[in-house]
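Engineer:
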Amino acid sequence: MIYTVVILSFLSIGNVLTENSCMMESVFATTCSFGGLILQTEAMNANNNISRILSDDNCNQQFHREDFLTSPNVKFEKAVPDVMYTLVMADPDAVNILPNTTVLHWMVANIKGSDFANGHLNDGLVVKRYHPPTPPPNSGIHRYQFTVYTQDKKLFGNIAHENRANFQLESWLESTEQKLCGPVAGTQFRVQALTADQYQAALKQ
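When we follow this note's numbering, the leftmost residue of the sequence shown carries the number -9, and every step to the right adds one.
Below, the structure written as structure tokens:
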């Protein structure tokens, strides 16, 4: 009887540890602390393409929005080959959004770890198409945060266009009865919004 109680107690503790080991967060002051991601993009200038790279070494660096007009190549070198991942890009500094929500800029699910380690996302499920940084005039500096989560099974579905703003990852997962764990990796960059005069001048170019 004593042994039975001990074994049952041990199993109960194990279950609690298993449940608690899979926590999920989606709103952060910074995602640099997670690390592990490398972003590379080709930015156009007057003469040619310029390669921009974001990694742990320069996380939170400020860029021009033009540097990320197209989706970057994202590599997670420590990805486990037989694990599936979800990549999320969000702006927590967007104006006129509800507390603890973001503007969703990009989401790709069902990324095989073996592909993610090499920066290949083409076979993943695009839950939300890429939308480049678009901070409104006079809205200050915006953080564009990338987070990576593990999946226990394949995700499905997409997110309607009107639901980019006031997006809360936990609520979406709950509504679709899906589950993610993490973040297990992350990074971010910043973009300074144009002033109203700069914005009008840019429109005339």
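Cβ atoms here follow ideal geometry from the backbone N, Cα and C, with glycine treated the same way. A quick note: this is a predicted structure, and the numbers were derived from the prediction, not measured.
Can you give me the C-alpha to C-alpha distance between Val78 and Leu44, rounded to a whole angstrom?
Structural biologist: Here residue 78 refers to the residue found at position 88 when the sequence shown is read from its first residue. Here residue 44 refers to the residue found at position 54 when the sequence shown is read from its first residue. So the two alpha carbons sit approximately 16 Å from each other.
Engineer: Look at the alpha carbon of Val117 and the alpha carbon of Ser165, and state the distance between them as a whole number of angstroms.
Structural biologist: Taking the sequence shown and counting its residues from 1, the one referred to as residue 117 is at position 127. Taking the sequence shown and counting its residues from 1, the one referred to as residue 165 is at position 175. Using only the alpha carbons, I get a separation of about 15 Å.
Engineer: Tell me whether Glu15 sits in a helix, a strand or coil according to DSSP, three-state version.
Structural biologist: Start at 1 with the first residue of the sequence shown, and residue 15 comes out as number 25. If DSSP states are grouped into helix, strand and coil, Glu15 belongs with coil.
Engineer: May I ask you to report which of helix, strand or coil DSSP gives Gln188?
Structural biologist: Position 198 of the sequence shown, counting from 1, holds the residue named residue 188. Three-state result, Gln188: helix.
Engineer: Where do the N-terminal and C-terminal ends of the alpha helix (DSSP H) with Asp105 fall, by residue?
Structural biologist: Position 115 of the sequence shown, counting from 1, holds the residue named residue 105. It spans 103 to 106 - the alpha helix (DSSP H) in which Asp105 sits, taken as one unbroken run.
Engineer: By Cβ distance below 6 Å, which residues in the same chain neighbour Pro123 in space, the five residues on each side in sequence not counted?
Structural biologist: Sequence index remark: in the sequence shown, residue 123 carries index 133 (1-based). Hits under 6 Å: Arg55, Phe58, Tyr134, Val181.
Engineer: Go ahead and label Asp105 buried or exposed: buried means 16 or more other beta carbons lie within 10 angstroms of its beta carbon, across all protein chains shown.
Structural biologist: Residue mapping note: residue 105 aligns to position 115 of the sequence shown, counting from 1. Under this definition Asp105 is a buried residue.
Engineer: Under a three-way DSSP split, which group does Arg180 fall into?
Structural biologist: Here the question's residue 180 lines up with position 190 in the sequence shown. If DSSP states are grouped into helix, strand and coil, Arg180 belongs with the strands.
Engineer: Enumerate in chain order the residues of its own chain whose CB-to-CB distance from Asn156 is below 6 Å, with the five nearest sequence positions on each side excluded.
Structural biologist: For the purposes of this step, residue 156 is taken as the residue at position 166 of the sequence shown. Here the set comprises Ile87, Leu88, Thr91.
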